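*Asks:* Numbered by my numbering, the letters in the sequence shown go through residues 578 to 922 in order.
C-beta atoms are modelled at their ideal positions from N, C-alpha and C, and glycine is treated no differently.
Please read these numbers as outputs of a predicted model, since none were measured by experiment.
I'd like to ask some things about the structure below.
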Amino acid sequence: MGVGIYGSSLSTSGMVSKKMRDIIAYQFNSITYTNLMKMDYMLNKSASQSNARNGNDMPVLKFDTIIDGLEFCKNNNIHMRGHTLVWHVQAPDWFFRTNFEDNASFANAQKMEQRMESYIKQLMQFVQCHYPGVVDVWDVVNEAVEIEQGSFDSSTGWNTRTKFDSGKKDNLWYKTMGPDYVFKAFRFARKYADKDVKLVYNDFNTFMSQKTNAIKTLVGKLKAENLIDAVGLQSYLGASWPAVKDYRSAIQQFSSLGVDIQVTELTISTDGTNNKFNQQASRYQEVFKAYMELKRSGINITSVTLFGLQDGYLLYDKDTTDTRFWDHDLKKKPVYNAVMQVLKS
Numbered sequence: 578m579g580v581g582i583y584g585s586s587l588s589t590s591g592m593v594s595k596k597m598r599d600i601i602a603y604q605f606n607s608i609t610y611t612n613l614m615k616m617d618y619m620l621n622k623s624a625s626q627s628n629a630r631n632g633n634d635m636p637v638l639k640f641d642t643i644i645d646g647l648e649f650c651k652n653n654n655i656h657m658r659g660h661t662l663v664w665h666v667q668a669p670d671w672f673f674r675t676n677f678e679d680n681a682s683f684a685n686a687q688k689m690e691q692r693m694e695s696y697i698k699q700l701m702q703f704v705q706c707h708y709p710g711v712v713d714v715w716d717v718v719n720e721a722v723e724i725e726q727g728s729f730d731s732s733t734g735w736n737t738r739t740k741f742d743s744g745k746k747d748n749l750w751y752k753t754m755g756p757d758y759v760f761k762a763f764r765f766a767r768k769y770a771d772k773d774v775k776l777v778y779n780d781f782n783t784f785m786s787q788k789t790n791a792i793k794t795l796v797g798k799l800k801a802e803n804l805i806d807a808v809g810l811q812s813y814l815g816a817s818w819p820a821v822k823d824y825r826s827a828i829q830q831f832s833s834l835g836v837d838i839q840v841t842e843l844t845i846s847t848d849g850t851n852n853k854f855n856q857q858a859s860r861y862q863e864v865f866k867a868y869m870e871l872k873r874s875g876i877n878i879t880s881v882t883l884f885g886l887q888d889g890y891l892l893y894d895k896d897t898t899d900t901r902f903w904d905h906d907l908k909k910k911p912v913y914n915a916v917m918q919v920l921k922s
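Structural data, given as structure tokens:
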């Protein structure tokens with residue numbers, strides 16, 4: 578079982594709390610940084626611009642936001658999920674510009690392919706050289722499929738995302754490299770990943786039929802090149818939506834492609850009633866029962882990650898959600914025992 582570590586800086590990360598670190602080390606075997614491993618944290622803008630002025634147009638990375646977590650994992654013999662290499666959100670605009678300058682023209686596709694390769698190579702090699710075996714899986718590409726009208730390219734056969742934020746913003750990976758950016762990212766990841774490291778395509782609302790079908794087409798193409806090992810289902814679920822049968826169906830359909838299933842960002846909201854935490858416990862229990870039944874049927878569910886440890890933890894940037902297994906005081910909520918009953922069965 579994995580857990581997401583929230584926070585938008587080292588000072589607000591859940592890893593600064595000793596009590597939380599103790600819970601994570603005892604209860605979980607994997608962590609995911611929800612922010613601190615994303616591109617806008619990993620890139621060094623000024624150093625990249627300096628490089629470009631000196632004729633080297635490759636990005637410069639910095640690793641200060643992830644070293645604490647990598648050390649923690651190494652010392653406690655747990656894994657870290659690499660999240661995420663290529664995503665249209667939290668990829669700074671300047672990264673796609675000539676010489677990394679804010680107001681310059683966009684770099685051409687060839688230059689962007691070189692930058693993508695350099696970024697993936699540097700990040701993977703840093704982790705694998707200094708913390709071998711700690712990062713055992715990467716979300717290579719995140720949320721490249723879209724079903725909102727006007728925000729995708731249907732000519733690819735898999736609804737390649739062209740825009741986001743209700744169509745107001747461009748997917749700059751698509752804008753500069755076209756739809757092949759997804760395949761190139763996976764090729765570079767396969768090239769530089771250690772042989773036992775798993776590569777994942779990760780997305781949300783994977784249980785919606787139009788999106789399920791589009792992702793299946795994409796995954797089939799990636800599978801044909803031996804570029805993908807698992808589909809990541811983010812799994813932001815409501816108190817009663819989606820129906821578990823629809824969620825199960827999506828898992829079964831993805832599994833039929835010959836890939837593993839990983840639940841990467843599991844979050845189940847409450848119904849807002851006075852009995853909301855007991856209701857939430859029942860919903861989590863229902864979902865975990867489905868995982869266990871699917872696992873027993875032969876579907877290879879290899880990972881489940883809860884996206885967050887504690888409700889409303891102040892260092893979580895004023896986070897007020899109540900979707901997690903521990904409450905504001907780090908006491909176990911009803912959901913904890915409900916899920917443990919399923920796992921022990």
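(1) Return helix, strand or coil for A567, following the three-state DSSP convention.
(2) What residues in its chain sit with their C-beta under 8 Å from that of W903, if we drop five residues either side in the sequence?
(3) In the DSSP assignment, the alpha helix (DSSP H) including E690 goes from what residue to what residue?
(4) Suppose you measure from the CA of N736 to the CA of S743; what does that come to, to the nearest Å?
(5) Which class does D894 belong to by DSSP, given the choice of helix, strand or coil?
(6) Select from R738, F729, D713 and V712 the residue whose C-alpha is nearest the C-alpha of A721.
(7) Can you list, in chain order, the residues of its chain whose CB lies under 6 Å from that of L749, leaving out five sequence neighbours each side?
(8) Report the rounded CA-to-CA distance for S832 versus S586, giving the unit in angstroms.
(9) CB L814 to CB I845, shorter than 8 Å?
(10) Using only CA atoms, which one of A816, V821 and N628 lies nearest to N852?
(11) Enumerate in chain order the residues of its own chain whose CB-to-CB distance from D670 is below 8 Å, with the five nearest sequence positions on each side excluded.
(12) Determine the direct distance from the alpha carbon of K761 to that of I878, and round the result to whole angstroms.
(13) Span of the beta strand (DSSP E) holding Y778?
(14) Please list, in chain order, all residues of the same chain as L795 whose beta carbon is under 6 Å from its beta carbon, the five residues on each side excluded.
*Replies:* In short:
(1) It is not possible to answer for residue 567, since the shown part of the chain is limited to 578 through 922.
(2) As a working note, residue 903 is residue 326 in the sequence shown. Scanning its chain for C-beta atoms nearer than 8 Å, with the 5 sequence neighbours on each side dropped, one finds around W903 the residues I600, L886, Q887, D888, K909, K910 and Y913, in chain order.
(3) Position 113 of the sequence shown, counting from 1, holds the residue named residue 690. It spans A686 to H707 - the alpha helix (DSSP H) in which E690 sits, taken as one unbroken run.
(4) If you number the sequence shown from 1, residue 736 lands on position 159. If you number the sequence shown from 1, residue 743 lands on position 166. Roughly 15 Å separates the two Cα atoms.
(5) Indexing the sequence shown from 1 puts residue 894 at position 317. Bear in mind that the predicted position of D894 carries a pLDDT of just 47, short of 50, making it too unreliable to give a figure here.
(6) Indexing the sequence shown from 1 puts residue 721 at position 144. Nearest to A721 by alpha-carbon distance, out of R738, F729, D713 and V712, is R738.
(7) Taking the sequence shown and counting its residues from 1, one reaches residue 749 at position 172. Within the same chain, L749 has close Cβ partners F673.
(8) Your numbering for residue 832 matches position 255 in the sequence shown. Your numbering for residue 586 matches position 9 in the sequence shown. The C-alpha of S586 is placed about 36 Å away from the C-alpha of S832.
(9) Within the sequence shown, residue 814 is the residue found at index 237, counting from 1. Within the sequence shown, residue 845 is the residue found at index 268, counting from 1. In terms of Cβ geometry, L814 and I845 form a close pair [threshold 8 Å].
(10) In the sequence shown, residue 852 corresponds to position 275, counting from 1. Comparing Cα-Cα distances from N852 to each of A816, V821 and N628, the minimum goes to A816.
(11) Taking the first residue of the sequence shown as position 1, residue 670 is located at position 93. Excluding sequence neighbours, D670 sits near D679 and L749.
(12) On the sequence shown, residue 878 is found 301 positions in, with the first residue counted as 1. On the sequence shown, residue 761 is found 184 positions in, with the first residue counted as 1. So the alpha carbons of these two residues sit roughly 26 Å apart.
(13) Sequence index remark: in the sequence shown, residue 778 carries index 201 (1-based). Run containing Y778: K775 to D780, per the beta strand (DSSP E) assignment.
(14) In the sequence shown, residue 795 corresponds to position 218, counting from 1. Taken in chain order, the residues that qualify are W735.
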